[in-house]
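Below you'll find the structure, written out as structure tokens, and then a few comments.
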Amino acid sequence: MALLQIDNLTVEFETATGWFKAVDGVSLSVEKGEVLAVVGESGSGKSVAMLAVMGLLPWTAKITADRMLFEDRDIRNISPAERRKLIGKDIAMIFQEPIASLNPCFTVGFQIEEVLRIHLGLDRQARHARAIELFRQVGLPNPEERLGSFPHQMSGGQCQRVMIAMAIACNPKLLIADEPTTALDVTIQKQILDLIMSLQARNGMGLIMITHDMGVVAETADRVVVQYKGRKMEEADVLSLFESPKSNYTKALLAALPENATGDRLTTVSAFFEGTPEPASETRA
Numbered sequence: 003m004a005l006l007q008i009d010n011l012t013v014e015f016e017t018a019t020g021w022f023k024a025v026d027g028v029s030l031s032v033e034k035g036e037v038l039a040v041v042g043e044s045g046s047g048k049s050v051a052m053l054a055v056m057g058l059l060p061w062t063a064k065i066t067a068d069r070m071l072f073e074d075r076d077i078r079n080i081s082p083a084e085r086r087k088l089i090g091k092d093i094a095m096i097f098q099e100p101i102a103s104l105n106p107c108f109t110v111g112f113q114i115e116e117v118l119r120i121h122l123g124l125d126r127q128a129r130h131a132r133a134i135e136l137f138r139q140v141g142l143p144n145p146e147e148r149l150g151s152f153p154h155q156m157s158g159g160q161c162q163r164v165m166i167a168m169a170i171a172c173n174p175k176l177l178i179a180d181e182p183t184t185a186l187d188v189t190i191q192k193q194i195l196d197l198i199m200s201l202q203a204r205n206g207m208g209l210i211m212i213t214h215d216m217g218v219v220a221e222t223a224d225r226v227v228v229q230y231k232g233r234k235m236e237e238a239d240v241l242s243l244f245e246s247p248k249s250n251y252t253k254a255l256l257a258a259l260p261e262n263a264t265g266d267r268l269t270t271v272s273a274f275f276e277g278t279p280e281p282a283s284e285t286r287a
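Numbered by the numbering used here, the letters in the sequence shown go through residues 3 to 287 in order.
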């Protein structure tokens with residue numbers, strides 16, 4: 003039984019000219035303890051698909067799927083109360099803009115303790131002790147002092163560590179990391195990525211890593227789903243994807259990597275195909 007199983011997910015948004023398909027018939031699954039990378043350019047529907055799973059899209063969005071199962075439980079039509087119990091506890095997400103995701107009006111300590119109060123029902127003393135433990139776990143210095151800080155008093159890398167601490171606070175079974183190293187400098191990116199992977203291995207979580215960085219895919223993933231304009235182009239284990247990509251879009255992504263450049267110029271992805279790229283005829287598990 004897959005931890006998460008999504009079949010034929012479609013997400014549409016109403017625009018001035020009609021309905022726009024941000025996600026078009028995407029299917030994917032992730033097992034307990036597995037790392038699934040969802041890769042593609044900006045606008046390929048990676049984040050939207052996961053926000054649909056989390057129930058965080060606007061009510062005006064039109065979401066359909068043949069199946070959307072978490073631990074064999076259909077989460078398409080669960081009540082708001084049931085979803086609140088599930089999201090943040092069993093399924094958690096690290097968002098790509100930590101400063102925008104944290105409430106500027108409350109200390110980071112209050113925000114992480116609120117998660118512990120709502121989902122685990124811990125008393126004040128237990129919440130405080132757990133928050134300190136989590137801040138230590140994610141490598142925040144002087145955790146007792148940091149609990150009293152507001153988001154604007156912390157760096158981007160520190161805020162991202164707070165977001166990771168909040169995401170793992172209740173030991174989720176599935177963690178979704180949405181471009182977790184965006185807008186961080188290279189050194190901090192490596193630290194954050196290493197932290198997420200060490201926590202995933204330690205806690206045995208299923209992990210969905212949303213990224214546009216093929217280097218991150220190579221370093222972290224067991225399996226890969228490649229998306230383009232809302233459609234799934236290809237799915238394969240990470241070694242097969244890099245050694246023998248089947249979709250012309252996947253080939254274009256790999257060919258456009260800086261290490262594959264010829265001469266002194268980088269080549270754009272679109273230079274490798276004409277028209278609209280088509281999905282591979284079959285996917286490989």
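We put the CB at the ideal spot given by N, CA and C, even for glycine. For clarity, every value in this text was computed on a predicted model and none was experimentally measured.
N-terminal and C-terminal residue of the alpha helix (DSSP H) that residue i is part of
i: M56; result: 48 to 56
i: N250; result: 250 to 257
i: E147; result: 145 to 148
i: G158; result: 158 to 170
i: Q113; result: 110 to 122
i: P100; result: 100 to 103
i: F137; result: 126 to 139
According to DSSP, residues forming a beta bridge with residue i
i: L11; result: V28
i: I178; result: M95, I210
i: W21; result: E16
i: L6; result: V32, F72
i: Q229; result: K234
Anticipated Cβ contact below 8 Å, residue i with residue j, distance rounded
i: V13; j: M216; result: The pair is not a contact, with the Cβ atoms about 25 Å apart (cut-off 8 Å).
i: V25; j: A4; result: With a Cβ gap of about 19 Å, V25 and A4 do not count as contacting.
i: A94; j: L177; result: 5 Å
i: S46; j: K248; result: Rounded, the Cβ-Cβ distance is 18 Å, inconsistent with contact.
i: I114; j: P182; result: Not quite, the Cβ-Cβ distance comes to about 17 Å (not below 8 Å), so this is no contact.
Where the beta strand (DSSP E) containing residue i begins and where it ends
i: A39; result: 37 to 41
i: E237; result: 233 to 239
Residue i to residue j span [Cα, whole Å]
i: A39; j: L243; result: 12 Å
i: K48; j: S29; result: 12 Å
i: V32; j: A258; result: 28 Å
i: E221; j: D180; result: 16 Å
i: P60; j: F22; result: 14 Å
i: R129; j: N105; result: 19 Å
i: S151; j: C161; result: 10 Å
i: I210; j: A131; result: 29 Å
i: A167; j: E36; result: 20 Å
i: R75; j: N205; result: 22 Å
i: E99; j: L186; result: 10 Å
i: K234; j: R126; result: 46 Å
i: T62; j: F15; result: 7 Å
i: P174; j: I194; result: 18 Å
i: G57; j: V227; result: 21 Å
i: E198; j: A18; result: It is Ile, not Glu, that sits at residue 198 in the sequence shown. When rounded, the distance between both Cα atoms is 40 Å.
i: G111; j: E245; result: 46 Å
i: Q7; j: K34; result: 12 Å
i: H121; j: P260; result: 44 Å
i: E284; j: Y251; result: Low per-residue confidence applies at E284: pLDDT is 49, beneath 50, and the placement is therefore not dependable, though the value from the model is reported in the following sentence. E284 and Y251: Cα-Cα distance of roughly 14 Å.
i: I101; j: R163; result: 11 Å
i: E237; j: M165; result: 29 Å
i: G141; j: G90; result: 21 Å
i: I170; j: I65; result: 27 Å
i: R119; j: Q229; result: 37 Å
i: D9; j: A51; result: 11 Å
i: L241; j: H154; result: 41 Å
i: K87; j: P145; result: 27 Å
i: T189; j: D196; result: 11 Å
i: I138; j: P281; result: Sequence inspection shows Arg at residue 138; the Ile mentioned does not correspond to that position. Cα to Cα, the separation comes out at about 44 Å.
i: S44; j: V219; result: 16 Å
i: R85; j: E73; result: 14 Å
i: A287; j: E147; result: Unreliable positioning characterises A287 in this predicted model, as indicated by a pLDDT of 45, which lies under 50. The coordinate reading is nonetheless provided below. One C-alpha to the other measures close to 47 Å.
Short CB-CB distance (under 8 Å) between residue i and chain D
i: T213; result: The structure shown contains no chain D; it holds only a single protein chain.
Ignoring anything shorter than 4 residues or poking outside the stretch 63 to 90, list the alpha helix (DSSP H) runs there in chain order. Counting only runs of 4 or more, we get 82 to 88.
Runs of beta strand (DSSP E) wholly within the stretch 181 to 227 (minimum 3 residues, chain order): Counting whole runs of 3 or more residues, the stretch 181 to 227 contains the beta strand (DSSP E) stretches 208 to 213.
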